[in-house]
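A.B. asks: Attaching a single structure in structure tokens format; questions to follow.
Residue numbers (this note's numbering): 169 to 415.
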């Protein structure tokens, strides 16, 4: 099942956002390594028998509830998420291990209203002469410490990712799953929500990394990913967010 809209959905989404300065960095990981990080009802979504682990820094801006203006100071944040991919009842989606972010109120809202494992962090994401640089330091009380530093340069535009390709599998995701804001409690519980996103297909680019230092994966007790990541930079796009539903 796939869902690739190019315009806002029928009905009323909860929120509109704009995502930019985004990098998809992925590594293949044996499924048995990642399965313990999913609740029992979710199964890993595999590509040709292989699980994938992603680290994704980006900027979220123009954040506003539908029908309301953006609030200065509350409509812009930087985010760094650690993710893998899962499915339930045939519906593929993203499963987040953590989402470090800069906006305190946004972290509170995401944890409280959307049950997502957002964590407080200091983060910067800047662009100089076409090169993007991101730094992050987790500050969330009680969470395992983690830091991140990377620099990358987006390159040539790629064709739209087609169904059945690895690029499509890793990037064209229109659902997310969550089981609560605390990952360890979520793994032991029986609550599960599915959320839905709407946006145009990603316009992907090649990317070259010149700096990479990170402990965000290791902060979850996972081994350091082996080898260089598979990289895609992405052009900015608008995103509409629907409410979560219990599943």
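Think of the CB as a built atom: it goes at the ideal place given N, C-alpha and C, for glycine as much as any other residue.
1) Helix, strand or coil for residue 272, going by three-state DSSP, please let me know.
2) Hey, how far is the Cα of residue 295 from the Cα of residue 344?
3) So, helix, strand or coil for residue 391, using DSSP?
4) Taking the Cβ atom as the reference point for each residue, do residue 266 and residue 250 lie within a distance shorter than 7 Å?
5) Hey, residue 304 and residue 289 are a contact pair by Cβ (cut 8 Å); roughly how many whole angstroms apart?
6) What do you reckon, are the CB atoms on residue 247 and residue 226 nearer than 7 Å?
7) In this structure, does DSSP put residue 172 in helix, strand or coil?
8) Could I get the ranges of all uninterrupted beta strand (DSSP E) runs contained in the stretch 321-399, with 3 residues as the minimum, in chain order?
9) Could you check where the alpha helix (DSSP H) with residue 202 kicks off and where it finishes?
10) Taking the beta strand (DSSP E) that residue 295 falls in, what are its first and last residues?
11) Name the residue from 223, 198, 412 and 282 whose alpha carbon lies nearest to the alpha carbon of residue 315.
12) Among the residues of its own chain, which have a CB less than 8 Å from the CB of residue 407, if the five just before and after it don't count?
13) Would you decide whether residue 382 is buried or exposed? Buried here means 16 or more other CB atoms lie within 10 Å of its CB.
14) Spatial neighbours of residue 413 within its chain, please: CB distance less than 7 Å, with the 5 preceding and 5 following residues excluded, ordered by chain position.
15) Go to residue 416, then tell me how far its beta strand (DSSP E) extends in each direction, as first and last residue.
16) For residue 204, is the classification buried or exposed, using 16 other Cβ atoms within 10 angstroms of its Cβ as the cut-off for buried?
17) Cβ of residue 271 within 7 Å of Cβ of residue 245?
18) Residue 252: buried (16+ other C-beta within 10 angstroms of its C-beta) or exposed?
19) Output yes if chain C places a C-beta closer than 7 Å to the C-beta of residue 250; else output no.
20) Quick one: Cα of residue 399 to Cα of residue 182, how far?
21) If I'm right that residue 349 touches residue 286 with Cβ under 8 Å, what's the distance once you round it to whole angstroms?
C.D. replies: In short, the structure shows the following:
1) As a working note, residue 272 is residue 104 in the chain shown. Residue 272: helix per DSSP, three-state reduction.
2) By one-based count along the chain shown, residue 295 stands at place 127. By one-based count along the chain shown, residue 344 stands at place 176. Using only the alpha carbons, I get a separation of about 29 Å.
3) For the purposes of this step, residue 391 is identified with residue 223 of the chain shown, where counting begins at 1. Coil, per DSSP.
4) Here residue 266 is taken as the residue at index 98 of the chain shown, counted from 1. Here residue 250 is taken as the residue at index 82 of the chain shown, counted from 1. Yes, the pair counts as a contact, with Cβ atoms nearer than the cut-off.
5) Position 136 of the chain shown, counted from the start, is the residue given in the question as residue 304. Position 121 of the chain shown, counted from the start, is the residue given in the question as residue 289. That pair is a contact at about 5 Å.
6) Position 79 of the chain shown, counted from the start, is the residue given in the question as residue 247. Position 58 of the chain shown, counted from the start, is the residue given in the question as residue 226. Cβ distance < 7 Å, so residue 247 and residue 226 count as in contact.
7) Counting from one through the chain shown, the residue named residue 172 turns up at place 4. Confidence at residue 172 is low in this model, with a pLDDT of 43, below 50, so the placement of that residue is unreliable and no value is reported for it.
8) 343-346, 361-366 and 372-382
9) For the purposes of this step, residue 202 is taken as the residue at position 34 of the chain shown. Segment 199-202, the alpha helix (DSSP H) holding residue 202.
10) Reading the chain shown from its first residue, position 127 is the one you call residue 295. Start and end: 286-296.
11) In the chain shown, the residue the question calls residue 315 occupies position 147. Cα-wise, what sits closest to residue 315 is 223.
12) The residue given as residue 407 occupies position 239 in the chain shown. Hits under 8 Å: 184, 185, 186, 187, 365, 366 and 367.
13) Locating residue 382 in the chain shown gives position 214, counting from the first residue. Residue 382 comes out buried.
14) Numbered from 1 along the chain shown, position 245 holds the residue referred to as residue 413. Contacts found: 361 and 362.
15) Any property of residue 416 remains undetermined from this structure, which presents the chain solely from 169 to 415.
16) Residue 204 sits at position 36 when you count from the first residue of the chain shown. The residue in question, residue 204, is exposed, as its Cβ has fewer than 16 Cβ neighbours within 10 Å.
17) Counted from its first residue, the chain shown places residue 271 at position 103. Counted from its first residue, the chain shown places residue 245 at position 77. Cβ distance < 7 Å, so residue 271 and residue 245 count as in contact.
18) Taking the chain shown and counting its residues from 1, one reaches residue 252 at position 84. Result: buried.
19) In the structure shown, chain C cannot be found, because there is only a single protein chain.
20) As a first step, residue 399 is located in the chain shown; it is residue number 231 there, counting from the start. As a first step, residue 182 is located in the chain shown; it is residue number 14 there, counting from the start. Their backbone Cα atoms lie some 31 Å apart in a straight line.
21) Numbered from its first residue, the chain shown carries residue 349 at position 181. Numbered from its first residue, the chain shown carries residue 286 at position 118. Their Cβ separation, rounded to whole angstroms, is 7 Å, which keeps residue 349 and residue 286 in contact under 8 Å.
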